[in-house]
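For what it's worth, the working numbering labels the leading residue of the first sequence as 15, then goes sequentially. Using N, Cα and C, we set each Cβ at its ideal position, and we do this for glycine too.
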Amino acid sequence: MEPQQGNGYGSEAGGDQGGEHPLLAMLNAEQKQAVLHTEGPVLVLAGAGSGKTRVITHRIAWLISELGVFPWQILAMTFTNKAAGEMRERVAHAVGDSASQLWLGTFHSVGVRLLRQLAGYVGLQPTFSIYDTDDQQRVIVRVMKALGVSEATHKPKMFASYIDRAKNRCMGPHDPRLKELAVSAFDKKALSVYQAYEKEMRLANAVDFGDLIMLPAQALASDPNVCHNLAQRFRYVLVDEFQDTNFAQFELLKYLTSVHGNLCVVGDDDQSIYSWRGAEVGNILGFPKMFDGAEVIKLERNYRSTETILRASTAVVSRNTTRHGKVLWTDRGLGDPITLHVAASDRDEADWVARQIDRRQHETSLGEFAVFYRTNACSRVLEDSLRRFRLPYVLIGGMKFYERAEVKDALAWCRLLVNQDDSAAWMRAVGSPRRGIGDTTIEAVQKHASQIERSLPAAAQDLVRLGGAGRAAEKLKTFHDLVERLREEIEPMRADQAGARILEASGLKKALQEDKDPDAADRLENLQQLLAAMGEHADSADDPGLRSFLETVALVSDVDKLSDAQARVSLMTMHSAKGLEFDVAFVVGLEEGLLPHANVLGGTAEREADPRDLEEERRLFYVAMTRARKKLHLSHARLRRRFDGREMPSEPSRFLQAVPRDLVQIDDAGHGFRSASSWGSSWGQPARSSSSAAPARPTWGAPAGPGNRAAQATGAWSTGNPLAGRGTAHHDDDVPAIDRSEGEAGFQVGGKALHVRFGTGKILDIAGYGGEAQLTVQFPGVGIKKIVARFLKPA
DNA sequence: GACGTGGCCGTTTTT
DNA sequence: CGGCCACGTC
């Protein structure tokens with residue numbers, strides 16, 4: 015993830031003469047200091063691309079190989095599983111196999127591991143389930159109904175966010191502080207929802223994401239002995255992306271380091287972009303105060319980007335008032351100018367991105383291109399364009415594999431088998447496949463469950479015993495017996511064996527096989543993929559069992575699927591981009607309302623504009639810009655299609671004003687390049703340039719500098735009328751026509767395709783690109799099926 | 001109890 | 001425009 019540090023760097027950086035330890039030889043003076051200062055609290059303020067991953071991995075390696083610390087005495091926490099994996103790999107490179115014994119993972123995965131051991135302290139069984147936001151939402155809705163809180167007046171989301179916020183601050187449902195704070199009518203209601211919610215969660219032996227941090231912290235708070243033992247066991251604790259930790263995480267860290275205080279945190283206040291989910295920049299800003307005598311080390315040398323990119327991004331983020339203030343520098347040279355493209359529409363913008371990538375793909379591998387945008391919804395146009403240009407891509411975010419209905423059904427069965435009290439899983443499993451148990455029965459079970467204060471599965475069984483389940487009793491009993499039998503059967507199995515057995519015995523597989531829906535074949539294949547994932551897990555993980563598989567599934571993030579091996583363009587939100595880097599980056603949709611997002615601009619009755627939110631949006635832009643190594647493209651469109659289909663005029667983002675004009679080449683919709691030698695300092699003012707013929711435009715009014723082609727902006731957009739550009743500049747000559755007659759990998763409409771189960775069939779249609787393309791195939795004796803290309807072979 | 005259709009609502013970012 | 005939910009029919 016982090017780059018190899020620059021050419022010739024080793025020899026020129028501060029005094030690493032020959033004979034120095036190999037772990038230190040590649041480090042500059044500050045990095046070295048961060049590695050060697052092992053005892054006590056250390057704060058490393060690491061600018062973007064300053065080699066912080068290198069510092070962490072070398073520090074771990076140093077502790078193990080030089081100080082003789084056992085790997086299991088080291089606890090390191092990262093932001094994503096991908097980062098953790100890479101870190102482990104790099105440590106293994108230096109110290110060998112023992113790296114596998116490191117406690118290294120995301121905060122949440124470490125939280126689970128701790129909680130499995132500490133479950134008893136907080137009233138959980140070690141088999142507890144992890145509810146995702148969907149399950150969480152359902153519980154909230156149920157609780158709201160029970161409390162008589164109308165869904166019309168209060169959205170479940172508001173309570174979810176209340177609960178999250180409380181947990182991020184380490185406040186349980188009966189925390190006296192919450193009671194004190196509950197003065198408004200909403201807060202009072204929210205608190206009662208929180209309390210009822212928590213009760214349901216405990217009955218179901220389930221936890222949510224917030225619990226994974228809060229509960230271990232509370233367990234350690236409740237028992238000084240356990241806390242002491244644990245803090246003694248972990249002699250060294252390291253935290254990456256510290257600027258994005260919340261209060262509860264900080265609390266947990268304090269407990270874990272209470273014996274020795276050997277805590278090394280690495281972060282960048284300029285890259286703090288998660289305050290909305292509870293991150294406290296105060297953690298990093300106040301670290302030296304919290305940990306007395308903390309060593310503060312600044313890493314200001316950037317090894318990633320060109321000077322142009324560095325200067326531009328620094329200029330942007332410097333406009334923020336609340337920051338530590340670092341001065342990043344590089345000796346890489348200016349490199350390519352930043353390109354600013356002004357597109358007529360979002361569609362044109364996407365086509366422009368695709369065209370740029372298409373033109374450069376011979377010099378730069380497709381895996382080195384990334385496109386960043388503010389909201390997930392922006393990905394759609396980009397996908398369309400990339401498909402039309404036949405450029406393969408990975409979409410990070412969006413609809414995930416584990417969110418598909420059939421996969422969730424299968425996982426619900428798995429969860430119910432592991433945790434017999436998992437109410438959410440029970441609700442899902444009992445109705446899939448259909449077995450004649452419907453809403454009426456489920457409601458009766460829910461009612462009974464709250465009466466006897468048990469989980470849904472337990473209440474269902476009790477209801478049957480009491481004979482109160484009516485005509486559904488027999489069905490409930492059959493279901494229950496099946497689950498019990500299956501639970502026993504899969505107990506000793508590996509995850510994939512168990513999975514296969516579950517798909518069989520639950521009837522999920524059979525139901526899909528008999529399904530007439532053309533998409534059924536795909537769903538079946540997805541289940542096959544799920545089994546494959548289980549097999550992979552069973553082969554590689556310490557614990558090959560189903561429970562351990564479910565745990566990893568609950569905590570995977572989408573960036574984890576990014577692999578360096580794939581030559582594909584990466585598409586993701588600016589948030590997902592953090593921690594990654596690419597040779598060429600496109601930051602698109604730089605428009606008022608998108609970045610900064612309309613929701614932070616205020617103007618709506620709901621919320622006042624908060625300058626801190628605006629600063630966070632600016633940091634988001636900074637993060638996106640600093641992902642680029644060699645070339646940065648920025649763009650905005652003058653018209654953007656909204657979700658309802660209407661095209662709305664949009665203004666360039668205010669953040670663009672801060673980009674120094676001498677670093678930017680403007681590429682306007684009229685195909686021309688104009689170097690922005692005299693960039694206007696604010697919108698609506700003609701640039702201060704000696705050039706005469708500058709049309710007075712409200713935006714991007716830089717007049718032509720000397721020596722430029724296509725000196726004048728043409729037509730629509732020199733008039734300053736944002737609507738005038740409609741329908742122009744579609745660059746049809748550059749866009750390959752949509753051609754569905756011939757797909758990738760040898761598929762062809764009219765040709766044949768081979769499927770493992772359905773045999774050979776005739777291809778009727780191809781939609782999409784590459785492995786994800788949807789093929790409509792007619793199989794003799796089977797019928798017409800829609801199947802994703804990767805499940806087919808050309809025949 | 002299962003399944004189909006129409007209306008409505010919505011998009012910030014995610015472990 | 002598209003996904004989700006509520007309501008209606010079989």
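Check	Outcome
Buried or exposed: where does Lys202 fall if 16 or more other Cβ atoms within 10 Å of its Cβ makes it buried?	exposed
Taking the alpha carbon of Ala426 as the reference point, which residue from Glu661, Gly411 and Ser520 has its own alpha carbon closest?	Ser520
Three-state secondary structure (DSSP) at Lys592?	coil
In terms of residues, what are the limits of the alpha helix (DSSP H) holding Ala233?	Asp225 to Ser236
Quick check on this structure: which residue in Leu400, Glu294 and Phe415 has the alpha carbon closest to the alpha carbon of Asp283?	Glu294
By a C-beta neighbour count over all protein chains shown, 10 Å radius and 16 as the cutoff for buried, is Leu129 buried or exposed?	buried
Would you list the one or two residues that DSSP bridges to Phe260?	For clarity, residue 260 is Asn in the given sequence; the question names Phe instead. Paired residue(s): Ala293.
Apart from the five residues just before and just after Phe386, which ones in its own chain have a Cβ nearer than 8 angstroms to its Cβ?	Met586, Thr587, Met588, Ala591, Ala599, Phe600, Val601, Val602, Ala638 and Arg641
If you follow the alpha helix (DSSP H) that Pro406 is part of, which residue opens it and which one closes it?	First-last for Pro406: undefined, no H or E at that position.
Quick check on this structure: which residue in Ala62, Lys66 and Ala472 has the alpha carbon closest to the alpha carbon of Met40?	Lys66
Taking the alpha-carbon of Arg418 as reference, which of Ile287, Gly797, Asp533 and Arg508 has the nearest alpha-carbon?	Asp533
So what's Ala308 in DSSP terms, helix, strand or just coil?	coil
Using 8 angstroms as the threshold, is the stretch 434-444 in touch with the stretch 457-474, meaning 3 or more CB pairs across them?	yes
The alpha helix (DSSP H) that contains Glu661, what's its start and end?	First-last for Glu661: Glu661 to Pro663, but that is the beta strand (DSSP E), not the alpha helix (DSSP H).
Assign Ala204 to buried or exposed, taking buried as 16 or more other Cβ atoms, counted over all protein chains shown, within 10 Å of its Cβ.	buried
From Ser332 to Leu59, what does the alpha carbon distance come to, in whole angstroms?	16 angstroms
Closest to Arg291 by C-alpha separation, out of Leu244, Phe301 and Gln257, would be which residue?	Gln257
Are the stretch 167-177 and the stretch 258-266 in contact at 8 angstroms, needing three or more beta carbon pairs?	no
Measure the alpha-carbon distance for Ile311 versus Ala210 and round it to whole angstroms.	46 angstroms
Who are the Cβ neighbours of Ala48 in its own chain at under 7 angstroms, not counting the five residues just before and after it?	Val56, Val58, Val69, Arg73 and Ile311
Between the Cα of Gln671 and those of Ala512, Val330 and Gly765, spot the shortest distance and give me the residue it belongs to.	Val330
Given a cut-off of 8 angstroms, decide if Asp682 and Val155 are closer than it, judged by their beta-carbon atoms.	no
Please list, in chain order, all residues of the same chain as Leu324 whose beta carbon is under 7 angstroms from its beta carbon, the five residues on each side excluded.	Asn316, Leu342 and Thr344
Return the chain-ordered list of same chain residues with a C-beta closer than 7 angstroms to the C-beta of Pro140, the five sequence neighbours on each side being excluded.	Arg130 and Ala133
Alpha carbon to alpha carbon, how far is Glu539 from Phe805?	7 angstroms
Can you check the stretch 370-453 for any beta strand (DSSP E) of at least 3 residues that lies completely inside it and give the ranges in chain order?	383-387 and 407-409
For Gly807, which option in Ala623, Ile798, Ile777 and Ser236 has the closest C-alpha, if you only look at C-alpha atoms?	Rather than Gly, the amino acid found at residue 807 in this sequence is Lys. The residue with the shortest Cα to Cα distance from Lys807 is Ile777.
Scan the stretch 106-177 and note each continuous beta strand (DSSP E) run of 3 residues or more that stays entirely inside, going in chain order.	117-120
Using 8 angstroms as the Cβ pair cut-off and three pairs as the minimum, do the stretch 228-235 and the stretch 158-169 touch?	no
Are the stretch 79-99 and the stretch 298-311 touching by the rule of at least three beta carbon pairs closer than 8 angstroms?	no
Look at the alpha carbon of Gln792 and the alpha carbon of Val763, and state the distance between them as a whole number of angstroms.	11 angstroms
Give, in chain order, every unbroken run of the beta strand (DSSP E) that is at least 3 residues long and sits entirely within the stretch 448-514.	none
Can you check which of these residues, Ser393, Asn297, His242 and Val253, is closest to Ser272 by C-alpha distance?	His242
Once you ignore the five residues that flank Ser399 on each side, which residues in its own chain have a CB closer than 6 angstroms to its CB?	Ala364, Asp365 and Ala368
Within its chain, find whatever has a CB closer than 8 angstroms to the CB of Arg183; leave out the 5 residues flanking it on each side and keep chain order.	Asn260, Phe261, Ala262 and Gly292
Three or more C-beta pairs closer than 8 angstroms, one from the stretch 220-234 and one from the stretch 109-124: is that the case here?	yes
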